[in-house]
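Have a look at the structure below before the remarks.
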Amino acid sequence: GAGVSQSPRYKVAKRGQDVALRCDPISGHVSLFWYQQALGQGPEFLTYFQNEAQLDKSGLPSDRFFAERPEGSVSTLKIQRTQQEDSAVYLCASREGDRSYEQYFGPGTRLTVT
Amino acid sequence: GENVEQHPSTLSVQEGDSAVIKCTYSDSASNYFPWYKQELGKRPQLIIDIRSNVGEKKDQRIAVTLNKTAKHFSLHITETQPEDSAVYFCAAEGSGGSNYKLTFGKGTLLTVNP
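Sequence lines, in order, name chains A and B. Numbering follows the numbering used here, with no gaps: position 3 of the first sequence is 8. Numbering follows the numbering used here, with no gaps: position 52 of the second sequence is 153.
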């Protein structure tokens, strides 16, 4: 079946612009996660949804970062007034539910802020 | 919160040799420990995982061991092949409830020389 997909794959933004990154999880997966991966580092947790409820947003670096999953499927990560330190790969992952531990990752969106 | 340390940061082996990567974690409540392989520019892919009620798990050339008392777990790859070359990440997941976020190590760049 189809895996997790993300769009766009690459995004270049000028400093101060707003961006929106999309994640399409595996159909039927209850849990959705966003991670940020800086160059040469491991992914770092940003936020977690269970269906449409955002249960943990403790990893969001600032109030410029906002995520939503209004219908419990597709999710959008929005970054307002982008800054150079926001440059990273943003990974989305989904998980089936309580009976399955594995998180399936999307290909990521590489954001470059100039 | 959870902290995961991973060693070594780089590892170079000859084809056919074994490779071992070690991780330690800080939260004794963590109960799920996956290992991901990430090739350059690609998504992280799960290669093996272990839950806290098991001490060892093996899948063909790959094995993972877990010592809950010492809070460390290790990845073992035998008979390495050039296609095993990639960055490997260990991770730890919390004790569940409403939060299943993964905390990742910084990664190990494995190079298998033909």
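Cβ atoms here follow ideal geometry from the backbone N, Cα and C, with glycine treated the same way. Given the structure is predicted, the values throughout are model-derived calculations rather than measurements.
Query	Result
Minimum Cβ-Cβ distance from Gly117(B) to chain A less than 8 Å	no
Within-8 Å CB hit, Pro109(B) to chain A	no
Min CB distance Asp150(B) to chain A below 8 Å	yes
Pair within 8 Å by beta-carbon distance, Arg74(A) and Glu57(A)	yes
Min CB distance Thr204(B) to chain A below 8 Å	yes
Proximity winner among Val35(A), Lys83(A) and Gly45(A), relative to Asp68(A) (alpha-carbon distances)	Lys83(A)
Same chain, Cβ closer than 8 Å to Ala192(B), five either side skipped, listed in chain order	Val105, Phe134, Pro135, Trp136, Tyr137, Leu203, Thr204, Phe205 and Gly206
Below-8 Å beta-carbon distance, Glu101(A) vs any chain B residue	no
Boundaries of the beta strand (DSSP E) in which Ala43(A) is found, first to last residue	That residue, Ala43(A), is in no beta strand (DSSP E); it is neither H nor E in DSSP.
Chain B contact for Asp68(A) (CB, 8 Å cutoff)	no
Neighbouring residues, chain B, relative to Gly47(A) (Cβ below 7 Å)	Phe190, Phe205, Gly206, Lys207 and Gly208
Under the three-state DSSP convention, the category Glu106(B) falls into	strand
Ser99(A) classed as buried or exposed, judged by whether at least 16 other C-beta atoms fall within 10 angstroms	buried
Within chain A, the residues that Tyr133(B) reaches when beta carbons sit closer than 9 Å	Tyr106
8 Å Cβ cutoff met for Gly111(A) and Gln46(A)	no
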